[in-house]
Amino acid sequence: MAEEVLLAGDGKYVGSLTKSLLAVAFLASFGSSMLYGYNLAVVNSPAEYIKAFYNQTMVARTGTGLDDKKLTLFYSVTVSVFAIGGMAGSLMVGILVTRFGRKGTLVRITCLVFIAGAFMGFSRTFGSPEMIIVGRFITGVHSGISLSVVPMYLGEIAPKNLRGFLGLVPSIFICLGVFIAQILGLHELLGKEEHWPLFLSLVVIPTMFQLMLLPWFPESPRYLLIEKRNVHATITALKWYRSKVNIQAEIDEMQEEQRSMSSVQTVSVIGLLKDRSVRWQVITIVVVNIGMQLSGIDAIWFYTNTIFENAGIPVPQIQYTTVGTGAIEVIAGCVGCFTIERLGRRPLMIGGFTFMGICCAGITLSLMFQSHYISVACVVGIIAGFCIGPAGVPFLITAELFKQSHRPAAYTVAGCLNWLSNFTIGFVFPFLQMSAGAYCYLVFFGVCMAVAAYVFFIVPETKNKTFVEISQMFAARNGMLEEESSELGIAKNLKLAKTNGYGAVDLEYEVIEKK
Numbered sequence: 001m002a003e004e005v006l007l008a009g010d011g012k013y014v015g016s017l018t019k020s021l022l023a024v025a026f027l028a029s030f031g032s033s034m035l036y037g038y039n040l041a042v043v044n045s046p047a048e049y050i051k052a053f054y055n056q057t058m059v060a061r062t063g064t065g066l067d068d069k070k071l072t073l074f075y076s077v078t079v080s081v082f083a084i085g086g087m088a089g090s091l092m093v094g095i096l097v098t099r100f101g102r103k104g105t106l107v108r109i110t111c112l113v114f115i116a117g118a119f120m121g122f123s124r125t126f127g128s129p130e131m132i133i134v135g136r137f138i139t140g141v142h143s144g145i146s147l148s149v150v151p152m153y154l155g156e157i158a159p160k161n162l163r164g165f166l167g168l169v170p171s172i173f174i175c176l177g178v179f180i181a182q183i184l185g186l187h188e189l190l191g192k193e194e195h196w197p198l199f200l201s202l203v204v205i206p207t208m209f210q211l212m213l214l215p216w217f218p219e220s221p222r223y224l225l226i227e228k229r230n231v232h233a234t235i236t237a238l239k240w241y242r243s244k245v246n247i248q249a250e251i252d253e254m255q256e257e258q259r260s261m262s263s264v265q266t267v268s269v270i271g272l273l274k275d276r277s278v279r280w281q282v283i284t285i286v287v288v289n290i291g292m293q294l295s296g297i298d299a300i301w302f303y304t305n306t307i308f309e310n311a312g313i314p315v316p317q318i319q320y321t322t323v324g325t326g327a328i329e330v331i332a333g334c335v336g337c338f339t340i341e342r343l344g345r346r347p348l349m350i351g352g353f354t355f356m357g358i359c360c361a362g363i364t365l366s367l368m369f370q371s372h373y374i375s376v377a378c379v380v381g382i383i384a385g386f387c388i389g390p391a392g393v394p395f396l397i398t399a400e401l402f403k404q405s406h407r408p409a410a411y412t413v414a415g416c417l418n419w420l421s422n423f424t425i426g427f428v429f430p431f432l433q434m435s436a437g438a439y440c441y442l443v444f445f446g447v448c449m450a451v452a453a454y455v456f457f458i459v460p461e462t463k464n465k466t467f468v469e470i471s472q473m474f475a476a477r478n479g480m481l482e483e484e485s486s487e488l489g490i491a492k493n494l495k496l497a498k499t500n501g502y503g504a505v506d507l508e509y510e511v512i513e514k515k
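1 is the number of the first residue of the sequence shown in full-length UniProt numbering; add one for each residue after it.
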């Protein structure tokens, strides 16, 4: 098992990647984040079979089938209801993580996946299109919750020097989920008419593994200490995730955050929006989360097959080309994950959005001059640029920019805006494309460049910083520098003694007076 060390001289805590940390990151991402990617792509391959099922069901019920407009509307509801469920789930995040904890929430919401899998898997047996729509909505609720809770959980259990790496593991699994859905959707595998109910319901398999194994891992130590004030459980959790190591320095850092908080009560969304001490942090998560969806990535996925067809790729071969783009997503996600601790958050965000913007402008030019191969290259560039940074960093910095009391509400705001933007672009893009034609991608060019500029001028680098240090970096911009400093002077602090390299509990209270 890997060991942790303390930096000589300044005593700052530096952690290395233990097997426990890696296992919980993979398990949480495999059973939750991957399902989001899978459900994004799973309805693409069997679309015609699902439409045929809808039409056959209506004929059996009413004696007449659906016309093209009604059938398209029915199928559009099936696709878009996933985003509506996601928005509903994101609104529950704050309440769930405060009541059940981070790991506890992930364990409890697994029941949603089993219910959704049953609805979708047996929909054809019962001749009910409504069961598919309900199942898609429930999977959306699960994804809306897990998309926020997984990075929150991993961000809190990770040592500060590994927070970026572990925080981007979920984004790799999201890309992997899309890739797996694309592979399984090939005609040679589950892309046949008789297999689509099984294809939709396979989400239960990763969740089953998560339900069996994740309960054995500890809850977030930061949640246990700051919100639950359970010192014994905190020490147990830290020993699990840090192996045999002196955990005193990390306990001290958590208590420093606890002292800097005026209250350990979880702040509501309204309280978060009214709190001027986090004004610029809130603006930042609004900009990056809306920008992530309005960058054009969803529109690109929507238009990919048409671009490939215009480039002269035979229609039967497009499915294999699409799988190739899925592989590029996974590779780009891995590049971002393994470079973030070396490069930092800002370069991945600025570089990713800038590259996407350039490629969006390239698509406009290629469509104007009928250069289809350049448009294919630009599509690949947009997907790669998105997955390297903008796909995962916004969720990571949402955890980093806020203290424990504000973090659940921040994820609620970020998640809701993310899903709302996702739904908006899916609804608006076809009309934008009809009215603006090739120029519609210039809108995405403007969004990408604006977000890149905002990050460049406003957002500080958070690499290898504690949550308190990050809060202090924003204090001057928020006009709260004096208040931030004074809050550090008053608190009740559980004093932990050092015994044999571990933090042992000393049940005395130390009152730190304001200087």
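We treat Cβ as the ideally placed atom computed from N, Cα and C, and that holds for glycine.
Beta carbon proximity, residue i to chain C, threshold 8 Å
{"i": "Thr-236", "result": "Looking for chain C here will not work: only one protein chain is present."}
Residue i to residue j span [Cα, whole Å]
{"i": "Met-473", "j": "Gln-404", "result": "17 Å"}
{"i": "Gly-155", "j": "Thr-72", "result": "41 Å"}
{"i": "Gly-31", "j": "Ile-115", "result": "15 Å"}
{"i": "His-195", "j": "Thr-62", "result": "26 Å"}
{"i": "Tyr-373", "j": "Gln-319", "result": "17 Å"}
{"i": "Trp-216", "j": "Gln-210", "result": "10 Å"}
{"i": "Ala-249", "j": "Leu-225", "result": "14 Å"}
{"i": "Val-380", "j": "Gly-344", "result": "24 Å"}
{"i": "Ile-458", "j": "Gly-392", "result": "19 Å"}
{"i": "Ser-80", "j": "Ala-28", "result": "25 Å"}
{"i": "Glu-193", "j": "Ser-76", "result": "19 Å"}
{"i": "Ile-247", "j": "Pro-221", "result": "11 Å"}
{"i": "Thr-18", "j": "Tyr-411", "result": "27 Å"}
{"i": "Val-97", "j": "Gly-104", "result": "8 Å"}
{"i": "Lys-51", "j": "Leu-273", "result": "43 Å"}
{"i": "Val-286", "j": "Val-468", "result": "21 Å"}
{"i": "Ile-205", "j": "Leu-184", "result": "14 Å"}
{"i": "Ile-307", "j": "Val-376", "result": "7 Å"}
Own chain residues within Cβ distance below 8 Å of residue i, not counting five before or after
{"i": "Gln-265", "result": "Ser-405"}
{"i": "Asn-422", "result": "Ala-83, Gly-86, Gln-293 and Asp-298"}
{"i": "Tyr-439", "result": "Thr-364"}
{"i": "Cys-416", "result": "Met-87, Ser-90 and Leu-91"}
{"i": "Leu-168", "result": "Gly-333, Gly-336, Cys-337, Ile-340, Gly-392, Val-393 and Leu-396"}
Collapsed DSSP secondary structure at residue i in the structure displayed
{"i": "Ser-16", "result": "coil"}
{"i": "Phe-217", "result": "coil"}
{"i": "Thr-105", "result": "helix"}
{"i": "Arg-342", "result": "helix"}
{"i": "Lys-465", "result": "coil"}
{"i": "Thr-64", "result": "coil"}
{"i": "Phe-122", "result": "coil"}
{"i": "Arg-163", "result": "helix"}
{"i": "residue 517", "result": "Nothing about residue 517 can be reported from this structure: the residues present for the chain run from 1 to 515 only."}
{"i": "Val-315", "result": "helix"}
{"i": "Val-267", "result": "coil"}
{"i": "Asn-422", "result": "helix"}
Cut-off 7 Å between Cβ atoms - residues of its own chain near residue i, not counting five sequence neighbours on either side
{"i": "Ser-20", "result": "Trp-240 and Tyr-241"}
{"i": "Ile-350", "result": "Ala-452, Val-455 and Phe-456"}
{"i": "Arg-407", "result": "Met-152 and Ala-399"}
{"i": "Ala-60", "result": "Gly-127"}
{"i": "Ile-95", "result": "none"}
Residues near residue i in its chain [Cβ-Cβ closer than 6 Å; skip 5 each side]
{"i": "Cys-360", "result": "Gly-296, Tyr-441, Phe-444 and Phe-445"}
{"i": "Gly-357", "result": "Phe-445, Cys-448 and Met-449"}
{"i": "Leu-166", "result": "Ala-25, Leu-154 and Ala-158"}
{"i": "Glu-461", "result": "Gly-344 and Arg-346"}
Boundaries of the alpha helix (DSSP H) in which residue i is found, first to last residue
{"i": "Leu-73", "result": "68-90"}
{"i": "Ala-377", "result": "372-388"}
{"i": "Arg-346", "result": "345-368"}
{"i": "Ser-29", "result": "Looking at the DSSP string, Ser-29 is not in any alpha helix (DSSP H), and its letter there is neither H nor E."}
{"i": "Ile-226", "result": "Counting along the chain, Ile-226 falls outside any alpha helix (DSSP H), and DSSP gives it neither H nor E."}
{"i": "Gln-404", "result": "Here Gln-404 belongs to no alpha helix (DSSP H), and DSSP marks it neither H nor E."}
{"i": "Ser-128", "result": "Taken as a continuous stretch (DSSP letters only), Ser-128 belongs to no alpha helix (DSSP H), as it is neither H nor E."}
{"i": "Gln-293", "result": "279-294"}
{"i": "Ala-158", "result": "Element bounds for Ala-158: n/a, residue is neither H nor E."}
{"i": "Val-93", "result": "93-100"}
{"i": "Gly-37", "result": "34-41"}
{"i": "Ser-201", "result": "196-201"}
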